[in-house]
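So the sequence shown is residues 433 to 1125, counted in the working numbering. The beta-carbon is built from N, C-alpha and C at its ideal position, and this holds for glycine as well. Just so we're clear, the structure is a prediction, and the values are computed from it rather than from any experiment.
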Amino acid sequence: MAYGQTGTGKTYTLGRLGEEDTAARGIMVRAMEDILADVSLETDSVSVSYLQLYMETIQDLLDPANDNIPIVEDPKTGDVSVPGATLVEIRDQHSFVELLRLGEAHRFAANTKLNTESSRSHAILMVHVKRSVKARDSAFSSENGNSPHMKTLKPSLVRKGKLVVVDLAGSERIDKSGSEGHTLEEAKSINLSLSALGKCINALAENSAHVPVRDSKLTRLLKDSFGGTARTSLVITIGPSPRHRGETASTIMFGQRAMKVENMLKLKEEFDYKSLARRLDIQLDKLIAEHERQQKAFEDEIERINVEAQNRISEFESNHADALEKERLKYQKDYMDSIKKLEEQLVKNQQKNGSEKVPVGLREDGSALTSSTESSKVSAAEEVAELKKLLQQENLLRKTAEEEVNNLKSQIAQWKRSEASGNSEILKLRKMLEDEASQKERLEGEIAILQSQLLQLSFDADETTRRLDRGGSGKVPSGLDSLISQVKHHQQDSGNGEKASIAKLFEQVGLQKILSLLEAEDADVRIHAVKVVANLAAEEMNQEKIVEAGGLTSLLMLLRNSEDETIHRVAAGAIANLAMNETNQELIMSQGGIGLLSMTAANAEDPQTLRMVAGAIANLCGNDKLQMKLRSEGGIKALLGMVRCRHADVLAQVARGIANFAKCESRAATQGTKTGRSLLIEDGCTSMDCTEC
């Protein structure tokens, strides 16, 4: 930091670029050269923001349109930051010099009697350096996807450092500088901020219990530099002219007092959850690809086994069918041949017996007839024996054929059993496939749950910080003291380890994606999304974006369609935040918001839901243009009807709404735009308030 009288060389010492002579380079350029020489741009990051404090307003020198940037102070760690400033990542020295040249071109300067180019603002250069201290094992699958095992993933440890180079505007005496008009106002602002800095240095040097760091934005920005956690170097610049010996002595005394201040250095490290999330996404993609590859291979194997089984079945059927048909034809032919032979033999025997018959009336002697009869009996006996022999042979052939048929039947049964075994194997494989599919669905469900839990943890971790930032800095809007006190009370009960911010989530996820979660099927997801929108709506810079993106319409749709009490409560709170803006108030009324709020108030039993609805209607009551419409659409009756709850917080919001409404009526009566009785009296507000009190 450079401190001294105007025109003594502060800007020359710190911000000179040294383009013509490298030996004339200032501290900013030399410091960045050392930083870039000591970091690895592959694993480390260097980013720069360049600001000026002009007339107690912080402006962005890299983006002049970005002015009146708020200062944010972490209530737990006490760290001071300017999240609204432009942050540019530096890759080389040339780009840094170009940024310095751009910033100096936007800086305010004026021609005074003491300095032709007198800086009229305090310039602040912030260099942020992040370095990965220790890389954790990241359990990824191998490149070919053959390793399904995973190790436990842990976030990397990141060490953060910040270099702040401050070129203070020079102190000057009005009678010597000849400042007048706007230049005089600039000089007053500069001297006031430097005076506040001197008071803080005196308090720290004397170990005072109270250090007035909040007297000026300059002292708030330099809180860490004196008595904080930074290592501070102070450059004192003085002039040789005896005419300014008073300013010279004052500057030297300031330096002596500053040397008595002791700082406590602190190393700042944090876990890099962002890189862990990226690694988890990469690992998830690899696991999904590996699962799909294994599933495809499994399906191909099932198809191959099925085709092979069908081919074997077809081949077996073909082979055994041909053999069975051949055997059947063979035995059928043998059977027909045997029948044919027997028939021929029978015909021959009949012909032979007929030729040996004795004609009627023929008489032979007794001996010849007896001989013929005996020979016929012998021949018949031989024929019968032959027939029996043939019959036995036929029986044997029949038994052989039956055995062959039984053998074929057993082979067919065995084939059917093998086919059934093949079918059971196919069923088993199908069951394995179904198990794999169910396991995939379970894994996908677990992945979705993990992603939802990650988003939920981010939301919950950021909610308290956002509320603390609202409660710890900035000006509280009129009429919201009750709500703010309750939010602060809620903040004190929140966890102590939450360090992220809703703004960081807003940048990473995007407003459209957050609003799309309001229509999710999962009620928990909708609730968390509404909470995020409600926290975003608490910042004025986000309200216009939320309304333009359709967030107000989505919140009103939740009140209309949802039956969940929690969603009603949080949505009403978000609408209450949006209703702090006059333009948003008219949009809420034009889209039927007062009717939905009245319906929610009539159906709600939870005091916190009624408190949020009453707060939203109370904000609308503060708009002069909406009073008649509030009454005609039932807003005033709904507000007064919530007195039935008798809860202290609800009654406080109802009273605030009545006060806002009455204030607008009083203003209109004073201006002469309203006459007659108050609308509140006509609706019975006074009698109802007295009764409830």
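| task | Taking only the alpha-carbon atoms, compute the straight-line gap between Pro-909 and Leu-984 and give it to the nearest angstrom. | result | If you number the sequence shown from 1, residue 909 lands on position 477. If you number the sequence shown from 1, residue 984 lands on position 552. Residue placement at Pro-909 is flagged as unreliable, the pLDDT there being 39, under the threshold of 50; the coordinate-derived value follows with that caveat. Linking Pro-909 to Leu-984 through their CA atoms gives a straight-line distance of about 21 Å.
| request: Please list, in chain order, all residues of the same chain as Gln-944 whose beta carbon is under 8 Å from its beta carbon, the five residues on each side excluded. | output: Position 512 of the sequence shown, counting from 1, holds the residue named residue 944. In chain order, Ala-981 place their CB closer than 8 Å to the CB of Gln-944, counting only its own chain and leaving out the 5 sequence neighbours on each side.
| According to DSSP, what are the bridge partners of Tyr-435? | What you label residue 435 is simply residue 3 of the sequence shown in a count that begins at 1. Partner(s): Ile-668.
| Which full runs of the beta strand (DSSP E) of 3+ residues lie inside the segment 945-995, going along the chain? | Within the segment 945-995, no beta strand (DSSP E) run of at least 3 residues lies entirely inside it.
| Which residues share a DSSP beta bridge with Val-596? | Stepping through the sequence shown from its first residue, residue 596 is reached at position 164. Looking at the DSSP output, Val-596 sits in a beta bridge with Met-558.
| query | Going by other Cβ atoms of all chains shown within 10 Å of its Cβ, with 16 needed for buried, is Asp-867 buried or exposed? | reply | Here residue 867 corresponds to residue number 435 of the sequence shown, with the count starting at 1. Exposed: under 16 other Cβ atoms inside 10 Å.
| field | Thr-1102, enclosing alpha helix (DSSP H) - first and last residue | value | Along the sequence shown, one-based indexing puts residue 1102 at 670. Thr-1102 -> alpha helix (DSSP H) spans 1080-1103.
| message | Considering only their Cβ atoms, is the gap separating Thr-1032 from His-1079 smaller than 7 Å? | response | Position 647 of the sequence shown, counting from 1, holds the residue named residue 1079. Position 600 of the sequence shown, counting from 1, holds the residue named residue 1032. Not in contact: His-1079 and Thr-1032 (Cβ atoms no closer than 7 Å).
| task | Just the C-alpha distance for Ile-618 and Arg-552, rounded to the nearest angstrom, thanks. | result | The residue labelled residue 618 in the question sits at position 186 within the sequence shown. The residue labelled residue 552 in the question sits at position 120 within the sequence shown. Looking at the sequence itself, residue 618 is Glu, so the reference to Ile does not match. Straight-line spacing of the CA atoms in Glu-618 and Arg-552 works out to 6 Å.
| Hey, how far is the Cα of Gly-1005 from the Cα of Leu-697? | Start at 1 with the first residue of the sequence shown, and residue 1005 comes out as number 573. Start at 1 with the first residue of the sequence shown, and residue 697 comes out as number 265. Our two residues, Gly-1005 and Leu-697, have alpha carbons roughly 42 Å apart in a direct line.
| Any idea what DSSP makes of Asp-656, helix, strand or coil? | Here the question's residue 656 lines up with position 224 in the sequence shown. If DSSP states are grouped into helix, strand and coil, Asp-656 belongs with coil.
| task | With distances taken Cα to Cα, identify the nearest neighbour of Val-667 among Thr-1015, Ile-858, Ile-684, Leu-483. | result | One-based indexing of the sequence shown puts residue 667 at position 235. Answer by Cα proximity: Ile-684.
| message | Quick check: what's the CA-CA separation for Asp-954 versus His-960? | response | Looking up residue 954 in the sequence shown gives position 522. Looking up residue 960 in the sequence shown gives position 528. Counting only the Cα atoms, His-960 lies some 10 Å from Asp-954.
| Count the other CB atoms within 10 Å of the CB of Asp-913; is the residue buried (16 or more) or exposed (fewer)? | Counting from 1 along the sequence shown, the entry for residue 913 is found at position 481. Residue placement at Asp-913 is poorly supported in this model, since its pLDDT is 38, which falls under 50; the coordinates are not used for a value here.
| query | So, is Ser-856 buried or exposed, given that buried needs 16 or more other C-beta atoms within 10 angstroms? | reply | Residue mapping note: residue 856 aligns to position 424 of the sequence shown, counting from 1. With fewer than 16 Cβ atoms within 10 Å of its Cβ, Ser-856 is classed as exposed.
| DSSP-derived helix/strand/coil call for Asp-1038 | The sequence position of residue 1038 within the sequence shown is 606, counting from 1. Reduced to three states, the DSSP call for Asp-1038 is coil.
| query | By the 10 Å Cβ neighbour count, where 16 or more other Cβ atoms means buried, how is Val-1082 classified, buried or exposed? | reply | As a first step, residue 1082 is located in the sequence shown; it is residue number 650 there, counting from the start. Buried is the call here.
| What is the DSSP secondary structure of Pro-580, reduced to helix, strand or coil? | Sequence index remark: in the sequence shown, residue 580 carries index 148 (1-based). Note that Pro-580 scores 45 on pLDDT, short of 50, meaning its location in the model is unreliable; the coordinates nonetheless yield the value given after this. For Pro-580, the secondary structure class from DSSP, reduced to helix, strand or coil, is coil.
| task | On the DSSP bridge assignment, give the partners of Arg-563 in chain order. | result | Here residue 563 refers to the residue found at position 131 when the sequence shown is read from its first residue. Secondary-structure assignment with DSSP links Arg-563 through a beta bridge to Arg-591.
| request: Assign Ile-501 to one of three DSSP states: helix, strand, or coil. | output: Along the sequence shown, read from residue 1 onward, the residue named residue 501 stands at position 69. Of the three classes helix, strand and coil, the one that applies to Ile-501 here is coil, per DSSP.
| Cβ-Cβ separation, Gly-436 to Ile-714 (assumed contact under 8 Å), whole Å | Reading the sequence shown from its first residue, position 282 is the one you call residue 714. Reading the sequence shown from its first residue, position 4 is the one you call residue 436. Ile-714 to Gly-436, Cβ: 53 Å. No contact.
| Can you name the start and end residues of the alpha helix (DSSP H) that Val-529 belongs to? | One-based indexing of the sequence shown puts residue 529 at position 97. It spans 525-538 - the alpha helix (DSSP H) in which Val-529 sits, taken as one unbroken run.
| query | CB Ala-1046 to CB Gln-1085, shorter than 7 Å? | reply | Here residue 1046 refers to the residue found at position 614 of the sequence shown. Here residue 1085 refers to the residue found at position 653 of the sequence shown. Annotated as proximal: Ala-1046 and Gln-1085, with beta-carbon spacing under 7 Å.
| said: Counting only beta-carbon separations shorter than 7 Å, does Pro-515 have a partner in chain D? | reply: The structure shown contains no chain D; it holds only a single protein chain.
| query | Taking just the CA atoms, how far does Glu-976 sit from Ala-1087? | reply | Taking the sequence shown and counting its residues from 1, the one referred to as residue 1087 is at position 655. Taking the sequence shown and counting its residues from 1, the one referred to as residue 976 is at position 544. The alpha-carbon atoms of Ala-1087 and Glu-976 are separated by roughly 28 Å.
| said: Quick check on Asp-492: does DSSP put it in helix, strand or coil? | reply: One-based indexing of the sequence shown puts residue 492 at position 60. Strand at Asp-492.
| Under 7 Å between the Cβ atoms of Asn-781 and Glu-826? | Working through the sequence shown from its first residue, we reach residue 781 at position 349. Working through the sequence shown from its first residue, we reach residue 826 at position 394. Using a Cβ distance threshold of 7 Å, Asn-781 and Glu-826 do not count as a contacting pair.
| field | Val-478 - DSSP class collapsed to helix/strand/coil | value | Counted from its first residue, the sequence shown places residue 478 at position 46. DSSP places Val-478 within a strand segment (E or B) once states are collapsed to three.
| Does the separation of the CB atoms of Leu-519 and Ser-481 fall below 7 Å? | The count along the sequence shown starts at 1 and reaches residue 519 at position 87. The count along the sequence shown starts at 1 and reaches residue 481 at position 49. In this structure, Ser-481 lies closer than 7 Å to Leu-519 by Cβ.
| task | Please confirm if the segment 450-465 is in contact with the segment 617-631, defined as three or more CB-CB distances below 8 Å between the two stretches. | result | Output reads no: the segment 617-631 does not touch the segment 450-465.
| said: Going by beta-carbon coordinates alone, are Thr-1162 and Ser-588 separated by less than 7 Å? | reply: In the structure as shown, the chain begins at 433 and stops at 1125. Residue 1162 is therefore absent and cannot be evaluated.
| Closest Cα partner of His-554 within the set Asp-996, Leu-653, Leu-950 | In the sequence shown, residue 554 corresponds to position 122, counting from 1. When Asp-996, Leu-653, Leu-950 are compared, the shortest CA-CA separation from His-554 is found for Leu-653.
| field | Separation of Ala-845 from Leu-774, as counted between CA atoms | value | Taking the sequence shown and counting its residues from 1, the one referred to as residue 774 is at position 342. Taking the sequence shown and counting its residues from 1, the one referred to as residue 845 is at position 413. Between Leu-774 and Ala-845, the C-alpha separation is close to 37 Å.
| query | What are the boundary residues of the alpha helix (DSSP H) that Thr-1015 is part of? | reply | For this step, residue 1015 is matched to residue 583 along the sequence shown. Per DSSP, the unbroken alpha helix (DSSP H) holding Thr-1015 starts and ends at 1014-1022.
| message | Just verifying my parser: in three-state terms, what is the DSSP assignment at Val-1075? | response | For this step, residue 1075 is matched to residue 643 along the sequence shown. Val-1075: helix per DSSP, three-state reduction.
| said: With H, G and I counted as helix, E and B as strand and the rest as coil, what does DSSP make of Leu-697? | reply: Indexing the sequence shown from 1 puts residue 697 at position 265. Taken through DSSP and simplified to helix, strand or coil, Leu-697 comes out as coil.
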